[in-house]
């Protein structure tokens, strides 16, 4: 097969918070796996907010991965590495069952099927952004690599199913997959999204911007966070590791920082003072409390 | 909602070995969950080999669960209990990726979706025949309830995905599911099927019928078996247990008898003599050996 020294990369969910940061990091590095990046395609259902300035070609594709024919077009260029970040987030997948399964299950399956159908030795590295939502209470205090998957949300169910597909398609030689289970990303920049975990970022971000933030869970809620920068590093590392050592267990749980909401609030107080902390309004939401209570804490 | 004292039951895969035995047992018992059986529908892609004689109405439906509209028709009568046994067996799902995903993933999802779409409080007990193929080596000597799912076949992957769907649809209140992970059923009566585990039965059944049987794995291969009668009892029990005590963990691994192939052969020798054992021909098959090596042993 023709070997091109230039690395071609596809990012689904390329307009999302992690996707944009991943693109910016690739633009800055200019290389991946010791090969110069030649082309980067950013696919998402919306246009990325700004252009990515890079020494290589960057294309944006506005399309829905689960729609007929879309994944085939994205894969037609045979990218060497696919970062599959596109997802219907947890709150939205819980609110709309059909939309969640369509985006998170059908979209992922369509992507993997398009890769398989290319055939002729094509076997890209696929880095899949999974989530610690694949785990569900009751859980041990420390989550090991052999923790069984008992998701308590439709989002977590869909991520767990996608992990199973990734492993089966890898085992059969259609792709070379690695699933990275990301902790909650905190502090997320930008505007709130519909993730049930969104408040973990809101209670820091909005008060620092002089805006009110709603805290829907008790202060003693403990959770597990990684920064946006760490998330990008996890994904880039997954793109270059030797998957031979993983054998059939290709789903990796990433480390994070475990804190209570009270500890987050006290950290904000130390940095920004009582006035800023006063912008956090406690407004219990039983649905969010229940979703978060089912997630791992550290 | 209108309450009918007569129990209506749907069995998918109703022409299969377990499906037929389940139907015969229901005909004999005449009751399920202390309610008289009023109607039994047996659905399968082929006609059952013989009629089921019962004091209640028995219908057979020849249809493909994954085909457009079929699951909706099967569910239109709102059965109180659905035994979902239909499956593309392990060897066939490994040989034909598309057929396996279509039958085992799309078919199951269509069934669950049809149940969900009825709505209006309809929430049948769904007993799903899963498999110990959801587990994959390396495994501990004893499989606990918290064993993580690492299937090493497409069949096991599809069963694991169906389990996740069953749990999510149960959690959301669309159905009341229980997944029963059956060990390999041995001795299976009838003709060989395309299950990779088929030889465990063939090496007993064919020689007893005076026919040659092929043994594709080494004699020290250890595996885990349940009789057809036990399988039926597991499924019937799952139809009546209080699922409240299961909480979110609705997938149950069934007990079995753990033996090596050599022990099976010696048991056959004790019962039927050297001449019958001589009909077992050793013909190593690396594909089957590898599939079986990935399964739990006890």
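Residue numbers (this note's numbering), protein chains in the order written: chain V, 3 to 300; chain P, 3 to 300.
For each residue, glycine too, the CB sits at the ideal point set by N, CA and C.
Here the structure is a predicted model, which is why all the values come from computation and not from measurement.
Determine, using beta carbons only, whether residue i comes closer than 8 Å to chain P.
i, result
"residue 150 of chain V", "yes"
"residue 232 of chain V", "no"
"residue 295 of chain V", "no"
"residue 138 of chain V", "yes"
"residue 156 of chain V", "yes"
"residue 28 of chain V", "no"
"residue 99 of chain V", "yes"
Using a C-beta cutoff of 8 Å, does residue i count as contacting chain V?
i, result
"residue 89 of chain P", "no"
"residue 108 of chain P", "no"
"residue 159 of chain P", "yes"
"residue 74 of chain P", "no"
"residue 166 of chain P", "yes"
"residue 11 of chain P", "no"
"residue 282 of chain P", "no"
"residue 163 of chain P", "yes"
Output the distance between the C-alpha atoms of residue i and residue j, rounded to the nearest integer angstrom.
i, j, result
"residue 32 of chain P", "residue 122 of chain V", "56 Å"
"residue 216 of chain P", "residue 207 of chain P", "11 Å"
"residue 96 of chain P", "residue 265 of chain P", "28 Å"
"residue 127 of chain P", "residue 263 of chain P", "37 Å"
"residue 222 of chain V", "residue 247 of chain P", "28 Å"
"residue 101 of chain V", "residue 68 of chain V", "10 Å"
"residue 299 of chain P", "residue 255 of chain P", "13 Å"
"residue 188 of chain P", "residue 87 of chain V", "44 Å"
"residue 272 of chain V", "residue 218 of chain V", "22 Å"
"residue 220 of chain P", "residue 292 of chain P", "11 Å"
"residue 20 of chain P", "residue 136 of chain V", "32 Å"
"residue 110 of chain P", "residue 180 of chain V", "27 Å"
"residue 90 of chain V", "residue 18 of chain V", "11 Å"
"residue 39 of chain V", "residue 178 of chain V", "19 Å"
"residue 235 of chain V", "residue 57 of chain V", "21 Å"
"residue 267 of chain P", "residue 257 of chain P", "22 Å"
"residue 296 of chain V", "residue 289 of chain V", "11 Å"
"residue 251 of chain V", "residue 261 of chain V", "29 Å"
"residue 275 of chain V", "residue 210 of chain V", "10 Å"
"residue 213 of chain V", "residue 73 of chain P", "51 Å"
"residue 253 of chain V", "residue 61 of chain P", "45 Å"
"residue 190 of chain V", "residue 6 of chain V", "36 Å"
"residue 79 of chain V", "residue 42 of chain V", "11 Å"
"residue 139 of chain P", "residue 151 of chain P", "10 Å"
"residue 237 of chain P", "residue 182 of chain V", "37 Å"
"residue 25 of chain P", "residue 81 of chain P", "15 Å"
Can you tell me which residues form a DSSP beta bridge with residue i?
i, result
"residue 253 of chain P", "P:181"
"residue 62 of chain P", "P:44"
"residue 127 of chain V", "V:83 and V:178"
"residue 215 of chain V", "V:282"
"residue 10 of chain P", "P:41"
"residue 226 of chain P", "P:260"
"residue 33 of chain P", "P:38"
"residue 132 of chain V", "V:183"
Is the stretch 145-162 of chain P touching the stretch 9-23 of chain P in the sense that three or more CB pairs, one from each, lie closer than 8 Å? No, because fewer than three Cβ pairs between the stretch 9-23 of chain P and the stretch 145-162 of chain P fall closer than 8 Å, the two stretches do not touch.
Which of the residues in the stretch 245-259 of chain V, read from start to end, lie with their CB under 8 Å from any CB of chain P? If you check each beta-carbon in the stretch 245-259 of chain V against every beta-carbon of chain P, the ones closer than 8 Å belong to 250 and 251.
Any C-beta of chain P within less than 7 Å: which residues of the stretch 266-280 of chain V qualify? Taking 7 Å as the Cβ-Cβ cut-off against chain P, none of the residues of the stretch 266-280 of chain V qualify.
Can we say the stretch 58-73 of chain V touches the stretch 166-178 of chain V, given the rule of at least three CB pairs closer than 8 Å? Touching, no, given that fewer than three Cβ pairs across the two stretches are closer than 8 Å.
Touch test, the stretch 279-299 of chain V against the stretch 234-253 of chain V, Cβ-Cβ under 8 Å, three pairs minimum: The stretch 279-299 of chain V vs the stretch 234-253 of chain V: no contact.
Any C-beta of chain P within less than 8 Å: which residues of the stretch 166-181 of chain V qualify? In summary, the residues of the stretch 166-181 of chain V whose CB is separated from some CB of chain P by less than 8 Å are 166, 167, 169, 170, 173 and 174, in the order they occur in the chain.
When the Cβ atoms of the stretch 101-120 of chain P are set against those of the stretch 225-232 of chain P, are three or more pairs found closer than 8 Å? Verdict: no, contact absent.
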